[in-house]
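Number of protein chains: 2
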Amino acid sequence: MIPSRLVLDMPPWFSAIPDWDAPRRDDEARMRLAIRLARENVERGTGGPFGAIVVERDTGLVVGAGVNSVVRLNNSAMHAEVLAIMTAQHARGSYTLHGPAVPAHELVTSCEPCAMCLGAALWSGVRRLLCGAAREDANSIQFDEGPVSEKSYRYLEERGVSVTRGVLREEARQVLVEYAERGGQIYNG
Amino acid sequence: MIPSRLVLDMPPWFSAIPDWDAPRRDDEARMRLAIRLARENVERGTGGPFGAIVVERDTGLVVGAGVNSVVRLNNSAMHAEVLAIMTAQHARGSYTLHGPAVPAHELVTSCEPCAMCLGAALWSGVRRLLCGAAREDANSIQFDEGPVSEKSYRYLEERGVSVTRGVLREEARQVLVEYAERGGQIYNG
Numbered sequence: 015m016i017p018s019r020l021v022l023d024m025p026p027w028f029s030a031i032p033d034w035d036a037p038r039r040d041d042e043a044r045m046r047l048a049i050r051l052a053r054e055n056v057e058r059g060t061g062g063p064f065g066a067i068v069v070e071r072d073t074g075l076v077v078g079a080g081v082n083s084v085v086r087l088n089n090s091a092m093h094a095e096v097l098a099i100m101t102a103q104h105a106r107g108s109y110t111l112h113g114p115a116v117p118a119h120e121l122v123t124s125c126e127p128c129a130m131c132l133g134a135a136l137w138s139g140v141r142r143l144l145c146g147a148a149r150e151d152a153n154s155i156q157f158d159e160g161p162v163s164e165k166s167y168r169y170l171e172e173r174g175v176s177v178t179r180g181v182l183r184e185e186a187r188q189v190l191v192e193y194a195e196r197g198g199q200i201y202n203g
Numbered sequence: 015m016i017p018s019r020l021v022l023d024m025p026p027w028f029s030a031i032p033d034w035d036a037p038r039r040d041d042e043a044r045m046r047l048a049i050r051l052a053r054e055n056v057e058r059g060t061g062g063p064f065g066a067i068v069v070e071r072d073t074g075l076v077v078g079a080g081v082n083s084v085v086r087l088n089n090s091a092m093h094a095e096v097l098a099i100m101t102a103q104h105a106r107g108s109y110t111l112h113g114p115a116v117p118a119h120e121l122v123t124s125c126e127p128c129a130m131c132l133g134a135a136l137w138s139g140v141r142r143l144l145c146g147a148a149r150e151d152a153n154s155i156q157f158d159e160g161p162v163s164e165k166s167y168r169y170l171e172e173r174g175v176s177v178t179r180g181v182l183r184e185e186a187r188q189v190l191v192e193y194a195e196r197g198g199q200i201y202n203g
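Laid out in structure tokens, this is it:
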């Protein structure tokens, strides 16, 4: 029998982040929140070293957020970016964050997306993708990123999703290093 | 405020499929179920023309299933393959369908996966990917598939996920054609 319902809970500490409502006005402020979520996730032992948010481009309001929850939720699709997109679309009541009457949104992720999350970003309707740590930083602690190439990023750009990489890369990379040093679980397919 | 919980319901007709428990012994029987789910989804008006299942390779038992639910659930990540993987992992109580004490699993999808779903297949732990309709068939009714190339499939093969394409392609393609003829919604990013 196939389960008729799936329930996905955010980690319990999520609701204790005190300043969700503060606008993040520039790229660094946005990335700082994504990195903070990644770090909280590691330090509280709720998952892998990845965090992501969705913000309104012009106001900097946070409309979605996620942390890696693969092990916690027994669900290999629960990467930070996927949860950030899902919560943002839930908040907006729409399967796309793009439309004539919709403000532009950005997906801000503490690490360059894997193949799944790059695809998810494309379908989400965000108009911009901001990345912190690089693919090589994830690879260096043995996380596989899947088939992503420069061509993949160009595919997004050609469809109106601009891409900015390396925002606070060193801070973002430090969370990966810390996770590895703690002996954090690496869970590729 | 970020929602603290997301609830994902299968379409109501899902539980009325009478023969979930019957083993699907060969590739065609497996694909026939994936195509049937795609067709039911179109005919009942619950989503796009895509269906997918996860089966145990050796027994043919169905352990997960999904249909495209993007519009119904206001969630652009809810492709058939992602739901099939999520329900299978929920049933197994594990974030991976691969392991020393775990039987091998296959993901069977009525259409070649988009970039997101190809990545999701890689992380899921399935050992084989079976596809019905081709990328070009989806493209011909204006569904974008994202950055997927022959190299993407090779990436999976190199990591132990074998890929078989074109199983009952014509039957699978017919569901796409029927969806387009009904004026079904096309919802790329």
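Chains as they are written, first to last, in our numbering: chain A, 15 to 203; chain B, 15 to 203. Think of the CB as a built atom: it goes at the ideal place given N, C-alpha and C, for glycine as much as any other residue. Note that the coordinates shown come from a computational prediction; the quantities given were computed from them, not determined experimentally.
According to DSSP, is residue i helix, strand or coil?
{"i": "I16 (chain B)", "result": "coil"}
{"i": "S124 (chain B)", "result": "strand"}
{"i": "T101 (chain B)", "result": "helix"}
{"i": "D23 (chain A)", "result": "strand"}
{"i": "G133 (chain A)", "result": "helix"}
{"i": "S108 (chain B)", "result": "coil"}
{"i": "S138 (chain A)", "result": "helix"}
{"i": "S176 (chain A)", "result": "strand"}
{"i": "V84 (chain B)", "result": "coil"}
{"i": "V77 (chain A)", "result": "strand"}
By alpha-carbon positions, which one of the options ends up nearest to residue i?
{"i": "G38 (chain A)", "options": "A:A194, A:P32, A:E70, A:R58", "result": "Note on identity: in this sequence residue 38 (chain A) is Arg, with Gly being the wrong assignment. If we check each option's Cα against that of R38 (chain A), A:E70 comes out closest."}
{"i": "P17 (chain A)", "options": "B:I49, B:D23, B:P32", "result": "B:D23"}
{"i": "I31 (chain A)", "options": "A:E42, A:R19, A:A52", "result": "A:A52"}
{"i": "L143 (chain A)", "options": "A:G180, A:M15, A:T101", "result": "A:G180"}
{"i": "V140 (chain A)", "options": "A:H119, A:E150, A:S124", "result": "A:H119"}
{"i": "G107 (chain B)", "options": "B:E95, B:R149, B:S138", "result": "B:S138"}
{"i": "L111 (chain A)", "options": "A:K165, A:A94, A:G174", "result": "A:G174"}
{"i": "Y167 (chain B)", "options": "B:E57, B:A129, B:D41, B:V84", "result": "B:A129"}
{"i": "T178 (chain A)", "options": "A:I200, A:A115, A:C145", "result": "A:C145"}
{"i": "Y201 (chain B)", "options": "B:N82, B:A147, B:W27", "result": "B:N82"}
{"i": "E184 (chain B)", "options": "B:K165, B:E126, B:E171, B:L170", "result": "B:E126"}
{"i": "V122 (chain A)", "options": "A:A105, A:P114, A:D33, A:A147", "result": "A:A147"}
{"i": "N55 (chain B)", "options": "B:V84, B:R44, B:D41", "result": "B:V84"}
{"i": "S124 (chain B)", "options": "B:A43, B:D35, B:A105", "result": "B:A43"}
{"i": "N88 (chain B)", "options": "A:D41, A:D40, A:P117, A:Y109", "result": "A:Y109"}
{"i": "P117 (chain B)", "options": "B:R86, B:D33, B:K165, B:V76", "result": "B:V76"}
{"i": "W34 (chain B)", "options": "A:M15, A:Y169, A:D33, A:S90", "result": "A:M15"}
{"i": "E57 (chain B)", "options": "B:W27, B:S90, B:K165", "result": "B:W27"}
Quick one: using the 10 Å Cβ neighbour count with 16 as the cut-off for buried, is residue i buried or exposed?
{"i": "G78 (chain A)", "result": "buried"}
{"i": "Q103 (chain B)", "result": "buried"}
{"i": "S29 (chain B)", "result": "exposed"}
{"i": "S176 (chain A)", "result": "exposed"}
{"i": "V21 (chain A)", "result": "exposed"}
{"i": "T73 (chain A)", "result": "exposed"}
{"i": "M100 (chain B)", "result": "buried"}
{"i": "G80 (chain B)", "result": "buried"}
{"i": "G59 (chain A)", "result": "exposed"}
{"i": "R149 (chain B)", "result": "buried"}
{"i": "G61 (chain B)", "result": "buried"}
{"i": "M92 (chain B)", "result": "buried"}
{"i": "R19 (chain A)", "result": "exposed"}
{"i": "E95 (chain A)", "result": "buried"}
{"i": "A186 (chain B)", "result": "buried"}
{"i": "P114 (chain B)", "result": "exposed"}
{"i": "A36 (chain A)", "result": "exposed"}
{"i": "P25 (chain B)", "result": "buried"}
List the endpoints of the continuous beta strand (DSSP E) containing residue i.
{"i": "R142 (chain A)", "result": "142 to 147"}
{"i": "V56 (chain B)", "result": "That residue, V56 (chain B), is in no beta strand (DSSP E); its alpha helix (DSSP H) goes 41 to 57."}
With residue i as the anchor, note down where its alpha helix (DSSP H) starts and where it stops.
{"i": "M70 (chain A)", "result": "Met is not the amino acid found at residue 70 (chain A); the sequence shown has Glu there. From DSSP, E70 (chain A) is part of no alpha helix (DSSP H) but of the beta strand (DSSP E) over 65 to 70."}
{"i": "S166 (chain B)", "result": "164 to 172"}
{"i": "A194 (chain B)", "result": "183 to 195"}
Across the stretch 131 to 141 of chain B and the stretch 191 to 200 of chain B, are there enough close Cβ pairs to call them in contact, namely three or more that are closer than 8 Å?
Under the 8 Å Cβ criterion, the stretch 131 to 141 of chain B does not count as touching the stretch 191 to 200 of chain B, having fewer than three qualifying pairs.
Below 8 Å, can you find three or more Cβ-Cβ pairs linking the stretch 151 to 171 of chain A to the stretch 159 to 171 of chain B?
The stretch 151 to 171 of chain A is in contact with the stretch 159 to 171 of chain B.
Is it the case that the stretch 60 to 67 of chain B contacts the stretch 38 to 48 of chain B, given that we only count it when at least three CB pairs across the two stretches are under 8 Å?
By the criterion of at least three beta-carbon pairs nearer than 8 Å, the stretch 38 to 48 of chain B is in contact with the stretch 60 to 67 of chain B.
Taking contact to mean at least 3 C-beta pairs separated by less than 8 Å, is the stretch 139 to 155 of chain B in contact with the stretch 182 to 194 of chain B?
Touching, yes, given that three or more Cβ pairs across the two stretches are closer than 8 Å.
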